[in-house]
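In the working numbering, the protein residues as written are 5 to 217.
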């Protein structure tokens with residue numbers, strides 16, 4: 005099936021827009037040096053560009069008072085808290101605190117005032133306080149950036165809509181190991197779970213909002 009046939013097949017069935025809500029949060033998913041360091045097993049070259057593209061989004065979010073939340077993945081040295089995911093994807097066993105590559109990418113590292121949620125699985129929501137934090141803040145829109153598109157970004161987008169939030173993924177600000185799964189998962193997210201949008205749309209949205217704390 006060609007791309008055009010695929011889009012025609014989905015038209016009118018999937019692909020409605022959720023749009024932007026009244027109060028957003030910016031969720032930076034796993035922008036860790038493990039994904040941007042060539043010697044690391046999780047290295048994904050496209051994430052380097054995603055980090056660069058995210059910098060001005062993060063800047064305006066901070067300036068406008070948007071809630072900024074970061075996630076990372078860290079396991080105990082014995083990886084028991086990784087459960088079946090570490091068994092399935094043994095590469096994740098490298099995500100321990102003693103590995104310096106588990107530090108955040110410095111260009112988008114959290115401020116002291118910003119919440120960091122440590123997770124053990126793909127979704128930023130699974131087994132964490134994220135949904136409760138967002139609800140308590142009155143947030144209705146979760147703008148997502150980070151990595152990887154086919155893993156933690158997709159899982160977080162699915163869980164976002166399942167928790168009743170508008171899931172927004174910025175196309176230029178997410179990355180993966182390979183282009184094919186990156187594009188396939190963006191297509192799925194945009195069709196079924198949230199909106200995949202260009203960065204300029206989010207910059208314009210953040211510029212115009214008046215965040216109520």
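For each residue, glycine too, the CB sits at the ideal point set by N, CA and C.
In the three-state reduction of the DSSP assignment, residue 99 falls in the coil class, being assigned neither a helical nor a strand state.
Between the region 51 to 67 and the region 183 to 196, the count of Cβ pairs shorter than 8 Å is below three; the stretches do not touch. With fewer than 16 other Cβ atoms from the protein chains shown falling within 10 Å of its own Cβ, residue 23 counts as exposed. The Cβ-Cβ distance between residue 79 and residue 100 falls below 9 Å. Using a Cβ distance threshold of 9 Å, residue 29 and residue 70 count as a contacting pair.
By the beta-carbon neighbour count (other beta carbons within 10 angstroms, threshold 16), residue 81 is exposed. Closest in alpha carbon position to residue 187, among 168, 45, 103, 154, is 154. DSSP lists 74, 149 as the beta-bridge partner residues of residue 32. In the structure shown, residue 139 adopts helical secondary structure according to DSSP, grouped into three states.
When only Cα atoms are considered, residue 41 and residue 105 end up about 7 Å apart.
Nearest to residue 151 by C-alpha distance, out of 91, 114, 182, 130, is 182.
Of 52, 127, 136, the smallest CA-CA separation from residue 179 is found for 52. For residue 123, the enclosing beta strand (DSSP E) has its first and last residue at 119 to 123.
In this structure, the CA atom of residue 64 is about 7 Å from the CA atom of residue 207.
Sequence-distant Cβ neighbours of residue 26 in its own chain, meaning closer than 7 Å and more than five residues away, are 144. C-alpha of residue 90 to C-alpha of residue 77: approximately 12 Å in a straight line.
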